[in-house]
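Residues 58 to 372 in the working numbering are what the sequence shown lists, from first letter to last.
To keep things clear, I will list the structure first and then write my remarks on it.
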Amino acid sequence: MRLPKLGNILRTGETPLERTAKHWAEQVSSDQVFWKGHPVIRRYMWRRLTGNPNKPDLQDLFERHFPGGVECGLSLACGHGSLERQMLRRGWARTMHGFDLSAGAVENARKLAAEDGMDDRVEYWVGNFNEPDLPDARYDAVFSYSASHHCAELERMFDAVRRTLKPDGLFVINEYMGPSQFQFPQSQIDVINEILAILPAKYRLSINESKPDKPVYKERFHPIDTRDLEARDPSEAIRSGEIRSVFGDYFERVDYRPYGGNLFQFLMSGIVGNFDPDDESDTSLIEMIGMMEEKLEATGAFESDCALLVGRPLA
Numbered sequence: 058m059r060l061p062k063l064g065n066i067l068r069t070g071e072t073p074l075e076r077t078a079k080h081w082a083e084q085v086s087s088d089q090v091f092w093k094g095h096p097v098i099r100r101y102m103w104r105r106l107t108g109n110p111n112k113p114d115l116q117d118l119f120e121r122h123f124p125g126g127v128e129c130g131l132s133l134a135c136g137h138g139s140l141e142r143q144m145l146r147r148g149w150a151r152t153m154h155g156f157d158l159s160a161g162a163v164e165n166a167r168k169l170a171a172e173d174g175m176d177d178r179v180e181y182w183v184g185n186f187n188e189p190d191l192p193d194a195r196y197d198a199v200f201s202y203s204a205s206h207h208c209a210e211l212e213r214m215f216d217a218v219r220r221t222l223k224p225d226g227l228f229v230i231n232e233y234m235g236p237s238q239f240q241f242p243q244s245q246i247d248v249i250n251e252i253l254a255i256l257p258a259k260y261r262l263s264i265n266e267s268k269p270d271k272p273v274y275k276e277r278f279h280p281i282d283t284r285d286l287e288a289r290d291p292s293e294a295i296r297s298g299e300i301r302s303v304f305g306d307y308f309e310r311v312d313y314r315p316y317g318g319n320l321f322q323f324l325m326s327g328i329v330g331n332f333d334p335d336d337e338s339d340t341s342l343i344e345m346i347g348m349m350e351e352k353l354e355a356t357g358a359f360e361s362d363c364a365l366l367v368g369r370p371l372a
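As structure tokens, this is what we get:
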């Protein structure tokens, strides 16, 4: 396991945990730059997760595994609380608990829950899932949505989840599970760059970097420098490539649904908003890239970088 270097702590004056908490207190996703926010890609993921491009994956999850709903669930690294509010709003859970390393995110989650009139049914606290302190046999379900790939102590966290679940409870992970710290094989990087090389410039306009009088275009995807990850968020994908294997040491696999991301995640990062969901040519390009992802997975060239994983605690 690769951990952040002491030199990075000394240079910034912040510990890795402090940088991670600060990063996620400020983080706001945008459908213009984040690949999963695009409606065409969302339908692609839903089709792979549910069999129906118009059926949300969370709805399908509850219909399959929690048809009677959840009495009390726990959300790991809950961020600003959108997952818990959705579950409560739809009646899929009676009560929810959640914790996050970022005090700023927890404060905002409490505020948003109160604004929605849900503060009597949801409880939040500041906590670190690398050092979990959870009650035994408390929860009907534990949810890790884009959370476990930030965990350095997977064994400790998975063991705590196993113990905090009731015997018939389920652990649900919906995550990036690809190579740790985004250290992709060169073959995957090459395919992304070959697609970028043939995309017209209008699709490669960098939404975050461009200015009205100075457009910037995405030319290539470069291998991720782990030093950049450690400086921004030392927890990012720290052991993501081990999630599937470590999961099996603590849980019996009940369901597994891969949904890609091998090309979409870094090909579309920062440019996905250039693809008009109402334009047939734009949507066809996205659908073609999705088809390439599936074909490459089917041939064994890549394992799906993102997946839904559901498990029951082992005795």
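For each residue, glycine too, the CB sits at the ideal point set by N, CA and C.
In the DSSP assignment, Lys352 falls within the unbroken alpha helix (DSSP H) covering Glu337 to Ala355. Nearest C-alpha to Gln116 among Leu140, Ser244 and Asp216: Leu140.
Annotation for Ile230: the continuous beta strand (DSSP E) segment containing it runs Leu222 to Tyr233. Contact between Phe156 and Tyr307 does not hold, since the beta-carbon distance rounds to 19 Å and is not under 8 Å.
Around Ser341, the same chain offers no residue with a beta carbon nearer than 6 Å, after the five sequence neighbours per side are excluded.
Taking 9 Å as the cut-off, the beta carbon of Tyr274 is found no closer than this to the beta carbon of Arg284. DSSP places Asp312 within a strand segment (E or B) once states are collapsed to three. Using a Cβ-Cβ distance cut-off of 8 Å, the region 350–358 and the region 200–217 are not in contact, since fewer than three pairs of beta carbons, one from each stretch, lie closer than that value. With a beta-carbon spacing of about 13 Å, Cys135 and Tyr196 fall beyond the 8 Å limit used to define contacts. Ranked by how close their Cα comes to the Cα of His207, the residues Phe186, Leu106 and Leu222 have Phe186 in first place.
With respect to Val229, Phe200 sits close: the two C-beta atoms are nearer than 9 Å. Ala294 is positioned such that its CB atom lies no closer than 9 Å to that of Tyr202. Here the C-alpha atom of Ala194 lies approximately 21 Å from the C-alpha atom of Ala204. By the Cβ neighbour-count rule, Ser292 is buried, with 16 or more other Cβ atoms within 10 Å of its own. Ala294 has no beta-bridge partner at all, per DSSP. DSSP places Ser201 inside the beta strand (DSSP E), whose first and last residues are Tyr196 to Tyr202.
Taking C-alpha positions only, Glu287 is separated from Ala209 by approximately 13 Å.
When the beta-carbon positions are compared, Leu191 and Val163 stay at least 9 Å from each other. Pairing Pro242 with Pro236, the inter-Cα distance amounts to about 9 Å. The continuous alpha helix (DSSP H) containing Val97 extends over residues Pro96 to Thr107.
If you draw a straight line from the Cα of Ile249 to the Cα of Pro96, it comes to about 21 Å.
In summary, Gly317 is buried, with 16 or more beta-carbon neighbours lying within 10 Å of its beta-carbon over all protein chains present.
His122 sits in a helix when the DSSP states are folded into three classes.
The three-state reading of DSSP puts Gly368 in strand, counting E and B together. In the displayed model, Met175 falls within coil according to three-state DSSP, outside both helix and strand. Given a length threshold of 4 residues, each whole run of the alpha helix (DSSP H) inside the region 139–170 is given here in chain order: 139–146.
Of the candidates Gly330, Ser297 and Val367, the residue whose Cα lies closest to the Cα of Glu360 is Ser297.
Residue environment for His154: buried (at least 16 other C-beta atoms within 10 angstroms of its C-beta).
Linking Asp270 to Asn319 through their CA atoms gives a straight-line distance of about 33 Å. Beta-bridge analysis with DSSP links Lys271 to Lys268.
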